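J.: Handing you a structure now.
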Amino acid sequence: MIRLRTLLRASSLSSLAICALALPAEARAQSENPYDPPAAEPPSAETPAVEPAPAPPPPAEPEPTPPLPSPDALVAPPAPPAPSAPPAPPAPSAAPAPEAPPDEQLDEQLMAEIGAELMADHSVNEPRLSLYGFADLTFYKYWLHEDSGFRSLLYTESAFAIGNLNLYLSGNLGAGFRSMAEVRFSYLPNGSRQVVGGEIERTQTDAVDYSNLGEERRTGSVLVERVYLQYMPTSFLTLRAGQWLTPYGIWNVDHGSPTVIPVVRPFTISFALMPERQTGIQAEFNRNLADDWRLSATLGLSNGKGSVDEYADLDSNKAVTGRLQVTWRTQGTLQLGATTYYGRYTDLSQSTELNGAGVRIVDHVQVQFDELAIGFDILYKLGGFHLQAEFLSNQKRYTARGRPLRNAVEYWPDLERFGTYGVVGYRFDWLGLMPFVVGEYFQISNNFEPARPPDDDGVIHVMSGLNARPTPNVTLKLQGQVALSASDLPAGSALEHPLWGLQSQAAWAF
Amino acid sequence: MALPSLHRRVCLRGLGAGLLLGFSPGGLALAAPARLVVIVGQSSPIDNLSLGTLRSAFLAQPTEQHKVRLVPFNAPPNSPERVLFDRRVLGMSPEEVARHWVDQRIRGNPGPPRVVAGAKLLRQVVARLPGAISYLDPEELDGTVKAVTIGGYDYNHKDYPIR
């Protein structure tokens, strides 16, 4: 039976709330972090001030205490409580039997709670579900030339926008198994635009609500960000099966708006030079190399990229992902990573044709290419200083039967693209304020102006602003951005004119 | 329900003890321990840990020592012990620690170690749970738990890192 951690911990949380009332505001702000597990409350007699300061501790004999269940061995349902001893007959005309002091009763009760929590975390019969997530609201304004090609993607009118409402569902299943899912509730596809035959068509999902006659509702969608079963047979090996975020760089896995410094991630990430997520299996090895060094290696096997890669592989050619990461923690934290991905993309259509007395299905490959992506990343944090950078390159080599037409007279050539960005910021203690600058250079394929060569166009993108975290769970951002072409473009090109934008965002984790 | 009243009583007692320590509702003035001793159960095979291994365990990274999976227990946020431990072992301020755990959860990683408040209860948990590891003011040490050296240094040594 699945039950919510929130409900299970209700008593502990209520005690936290009561304790918080006794704390100064500064202390309360930290205690209210919902991700810090609730504390078992201390017996006050244990505070050092009320006990004489002892000399070096005496080698007291440990009291024989029954052990709590080991987390590694907790696969069995909780043992039934030991039968209580039969009550002793009351002594005639004597005082009531002495009870344990209240402090000891309290300790035993809290110990039982901790034991029950540990048991529930690891019991196969009572998995626990944790619900949490993040959301954000953005206010934006873009200034675009009337000839700018960005007008097919962005609105120039200022607007508020709910960008993300992501919900995590995580649960320990016992014996080293864990379930992890993240879904995003989205208004898409309502409002999305596509260029079709010279027209820009906007998707509208208005539907009459049959239960409130006359009322029109707009339907949205639920996007599966990731869902997998995780198994940890040892402390240095983690296995995952399902749909997982490709472990490249920094902001692909760490994609939540409260943790991303600017309002939007750099185009280098959002253009998916490396697949954002894959469906398959993954093994992750972690090992402390030395006192301050930790090595992480990840190997994944998946359907790769495709038009329906979540549940089909149209070429039976599995993609391989590998990542090496080294983390060094002494004076700050330095993380270096390298990732590679190799796979085949296939999109095909099908038709039927007569086959004697029946019909048979014929596949027609529309697009097919082999893809190699390589990425490097660096992250360095020292106190409030934050430096991070990523480099991604992508090579596409079309197969003979999967090379698509680019226009009426030529096919698409093989493509090579890259993108790179860097972020520098410094977070002050006051309101957790961080001024930051993001600089980026990336290449996009010219697939929107067939009259020009298909060479990759270079774009320079700069974002700069403030990121504040007044509490750990709330992030406020304000930034300006400009994107301009670094290529020699002819007059009238959609990329000729720069993109100017101003955005603010409130993002919160819950 | 008996629990809320028990907890209220514990909190009031805690507040009283805090006032004795010089901490007032208007601001924190808790006396920070000069050093912390890392403890495991008396039956644990662990006698020494490197600072890196300790850091891994308290960053919720799966960590084994002598084939024992370490189960870390933290002091409450903003307690003097927690602040000192986080600064010396994790290298983070209380604000950085709080942000770190929010970020870890959004990344999809496990959350922070459990919090157990109170030395007596902490000693009981560490003594009774195999693999449990935590830290204390050395004045709270007794025979139910075992002190662990860090990097080969006893907590009385001048080069002991958690001071």
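Chains D and E supply the protein sequences, listed in that same order. Counting in the working numbering, the first sequence tops out at residue 1204, every number present. Counting in the working numbering, the second sequence tops out at residue 269, every number present. The beta carbon of each residue, even a glycine, is placed where N, CA and C say it ideally should be. All figures in this text were calculated on a predicted structure; none of them were measured in a lab.
#1: Could you have a look at residue 1194 of chain D and say whether DSSP puts it in helix, strand or coil?
#2: Answer yes or no: do residue 977 of chain D and residue 933 of chain D have a C-beta to C-beta separation smaller than 7 Å?
#3: Going straight from the alpha carbon of residue 863 of chain D to that of residue 209 of chain E, what length do you get?
#4: Identify the continuous alpha helix (DSSP H) that holds residue 207 of chain E and give its terminal residues.
#5: Starting from residue 920 of chain D, trace the beta strand (DSSP E) in both directions and tell me its first and last residue.
#6: Between residue 953 of chain D and chain E, is the shortest Cβ-Cβ distance under 7 Å, so that the two count as touching?
#7: If you draw a straight line from the alpha carbon of residue 640 of chain D to that of residue 825 of chain D, how long is it in whole angstroms?
#8: The alpha helix (DSSP H) with residue 226 of chain E in it runs from where to where?
#9: Using 8 Å for Cβ pairs, my map puts residue 865 of chain D next to residue 212 of chain E. What's the rounded Cβ distance?
#10: How would you list, in chain order, the residues of chain E whose beta-carbon sits under 7 Å from the beta-carbon of residue 982 of chain D?
#11: Of all the options D:888, D:974, D:1018, which has the alpha carbon lying nearest to the alpha carbon of residue 1006 of chain D?
#12: In chain order, what residues of the segment 204-235 of chain E put their CB closer than 7 Å to some CB of chain D?
#13: Would you mind telling me which residues of chain E sit closer than 7 Å to residue 929 of chain D, beta carbon to beta carbon, in chain order?
#14: Do the segment 981-988 of chain D and the segment 239-248 of chain E touch if we need at least three Cβ pairs shorter than 8 Å?
#15: May I have the straight-line CA-CA distance separating residue 727 of chain D from residue 992 of chain D, to the nearest angstrom?
#16: Quick one: measure Cβ to Cβ for residue 955 of chain D and residue 1128 of chain D, integer angstroms, because I've assumed they're closer than 8 Å.
#17: Got a sec: which bits of the segment 964-997 of chain D sit with their beta carbon under 8 Å from any beta carbon on chain E, in order along the chain?
#18: Quick check: what's the CA-CA separation for residue 890 of chain D versus residue 966 of chain D?
#19: According to DSSP, what are the bridge partners of residue 1128 of chain D?
#20: Could you give the C-beta distance for residue 1156 of chain D and residue 1132 of chain D, rounded to a whole number, given that I count them as a contact under 8 Å?
#21: What is the DSSP secondary structure of residue 853 of chain D, counted as helix, strand or coil?
#22: Alpha carbon to alpha carbon, how far is residue 1060 of chain D from residue 1104 of chain D?
#23: Got a sec? Which residues, its chain only, sit under 7 Å from residue 265 of chain E by beta carbon, not counting five neighbours each side?
#24: Out of D:1026, D:1163, D:1033, D:1024, which has the shortest C-alpha to C-alpha gap to residue 1017 of chain D?
#25: Taking 7 Å as the CB-CB limit, is residue 947 of chain D close to chain E?
#26: Note down, in chain order, each residue of its chain lying with its Cβ closer than 6 Å to the Cβ of residue 1079 of chain D, except the 5 sequence neighbours on either side.
#27: Identify every residue that forms a DSSP beta bridge with residue 178 of chain E.
#28: Quick one: using the 10 Å Cβ neighbour count with 16 as the cut-off for buried, is residue 904 of chain D buried or exposed?
#29: Which of the three DSSP states is assigned to residue 192 of chain E in this structure?
#30: Taking only beta-carbon positions, decide if residue 1142 of chain D is within less than 7 Å of chain E.
#31: Suppose contacts are defined by Cβ-Cβ distances below 7 Å. Is residue 191 of chain E in contact with residue 219 of chain E by that definition?
#32: Considering only residues of the same chain and omitting the five flanking positions on each side of residue 918 of chain D, which have a CB-CB separation below 7 Å?
#33: By the three-class DSSP mapping on this structure, what secondary structure does residue 1055 of chain D have?
#34: How about residue 152 of chain E and residue 232 of chain E: do their beta carbons lie closer than 7 Å?
#35: By the three-class DSSP mapping on this structure, what secondary structure does residue 1045 of chain D have?
T.: With the given structure in hand:
#1: strand
#2: yes
#3: 16 Å
#4: 200-213
#5: 915-928
#6: yes
#7: What the structure shows of chain D is the stretch from 695 to 1204, and residue 640 of chain D is not part of that stretch, so it cannot be assessed.
#8: 225-234
#9: Rounded, the Cβ-Cβ distance is 17 Å, inconsistent with contact.
#10: 158, 159, 162
#11: D:974
#12: 204, 205, 207, 208, 209, 211, 212, 213, 214, 217, 218, 220, 221, 222, 223, 224, 225, 226, 227, 230, 231, 233, 234, 235
#13: 168, 169, 170, 175
#14: no
#15: Per-residue confidence for residue 727 of chain D stands at a pLDDT of 49, beneath the threshold of 50, marking its modelled position as unreliable; no derived number is given.
#16: 7 Å
#17: 980, 982, 984, 985, 986, 987, 988
#18: 23 Å
#19: D:1161
#20: 7 Å
#21: strand
#22: 15 Å
#23: 259
#24: D:1033
#25: yes
#26: 1120
#27: E:239
#28: exposed
#29: helix
#30: no
#31: no
#32: 877, 937
#33: strand
#34: no
#35: strand
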